[in-house]
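This report concerns only the one structure given below.
In full-length UniProt numbering, the protein residues as written are 1 to 202.
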């Protein structure tokens, strides 16, 4: 029996536009400004769900790749995990066609309207890890959530944003002891034993 080979895409949904405040703040007390890392990595709206994300992704694949893309990806495309609190999703797709799904995610620029009168919400889908097992994707999601919390705390303690470095992190945090470890952390795709051994089917 042949094992189906999957890829798990760990995706963050980023919101580039600042939050709109509906409350009036007295002029004597200005509202504290949020760090950039918190602005971009804010929670998703309540109406965003795993089913909605799957529908958006499938629509985008159909737009970009037509019937071919729909045929090769829809059978195995599933949003296995979605957390509105962290705006993080894990998407399962076939190993052979995971780059089609990745490209479709890159072209999604907005979430649908919450209501008939509402406006589409601008967003960016950022694929941060591609893994051969869901366990590795979950571990990376936990690691990134902890790092985001630390960055947000540092942003509140040190004042507001230092541009991209505050959002994405410093190029060298001093955590990597040797060059090999640093290079391994830069990669976005995990290398599995399946990738190293050539298969008889292609």
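We put the CB at the ideal spot given by N, CA and C, even for glycine.
Check whether the segment 95-106 touches the segment 143-150, counting contact only when three or more Cβ pairs, one atom from each stretch, lie closer than 8 Å.
The answer is no - the segment 143-150 does not touch the segment 95-106, with fewer than three Cβ pairs under 8 Å.
Could you compute how far the alpha carbon of residue 138 sits from the alpha carbon of residue 58?
Their Cα atoms are separated by approximately 23 Å.
Quick one: using the 10 Å Cβ neighbour count with 16 as the cut-off for buried, is residue 69 buried or exposed?
Buried.
Should residue 130 be labelled buried (16 or more other beta-carbon atoms within 10 Å of its own) or exposed?
With 16 or more other Cβ atoms within 10 Å, it is buried.
Report buried or exposed for residue 64, applying the criterion of at least 16 other Cβ atoms within 10 angstroms of its Cβ.
It counts as exposed.
Do you know offhand how far residue 45's Cα is from residue 124's?
Rounded to whole angstroms, residue 45 to residue 124 spans 14 Å at the Cα level.
For a test of the three-state rule: what should DSSP assign to residue 96, helix, strand or coil?
The answer is coil: DSSP assigns residue 96 none of H, G, I, E or B.
Using a Cβ-Cβ cut-off of 8 Å (strictly less than) and excluding sequence neighbours within five positions of residue 120, which residues of its own chain qualify?
Excluding positions up to five away in sequence, the list reads 110, 111, 112 and 113.
Please specify which runs of the beta strand (DSSP E), each continuous and at least 3 residues long, are wholly inside the segment 78-148, giving them in chain order.
As far as the segment 78-148 is concerned, its whole beta strand (DSSP E) runs of at least 3 residues are 78-83, 88-94 and 124-131.
Whole angstroms are fine: how far does the CA of residue 136 sit from the CA of residue 16?
Each residue's alpha carbon lies about 28 Å from the other.
Leaving out the 5 sequence neighbours to the left and right, which residues in its chain are closer than 6 Å to residue 140 when beta-carbon positions are compared?
The residues are 10 and 129.
Here's the rule I'm using: 16 or more other beta-carbon atoms within 10 Å means buried, otherwise exposed. How should residue 7 be labelled?
Result: buried.
Please look up how many angstroms separate the CB atoms of residue 78 and residue 89, rounded, as I've assumed it's under 8 Å.
The pair is not a contact, with the Cβ atoms about 11 Å apart (cut-off 8 Å).
Roughly how many angstroms separate the alpha carbons of residue 22 and residue 2, rounded to a whole number?
With a pLDDT of 48 at residue 22, under the threshold of 50, the modelled position of that residue is not reliable, and the figure given next carries that caveat. Residue 22 and residue 2: Cα-Cα distance of roughly 56 Å.
Express the C-alpha separation of residue 4 and residue 72 in angstroms, rounding to a whole number.
Rounded to the nearest angstrom, the two C-alpha atoms are 14 Å apart.
Looking at the unbroken beta strand (DSSP E) that takes in residue 4, where does it start and where does it end?
Taken as a continuous stretch (DSSP letters only), residue 4 belongs to no beta strand (DSSP E), as it is neither H nor E.
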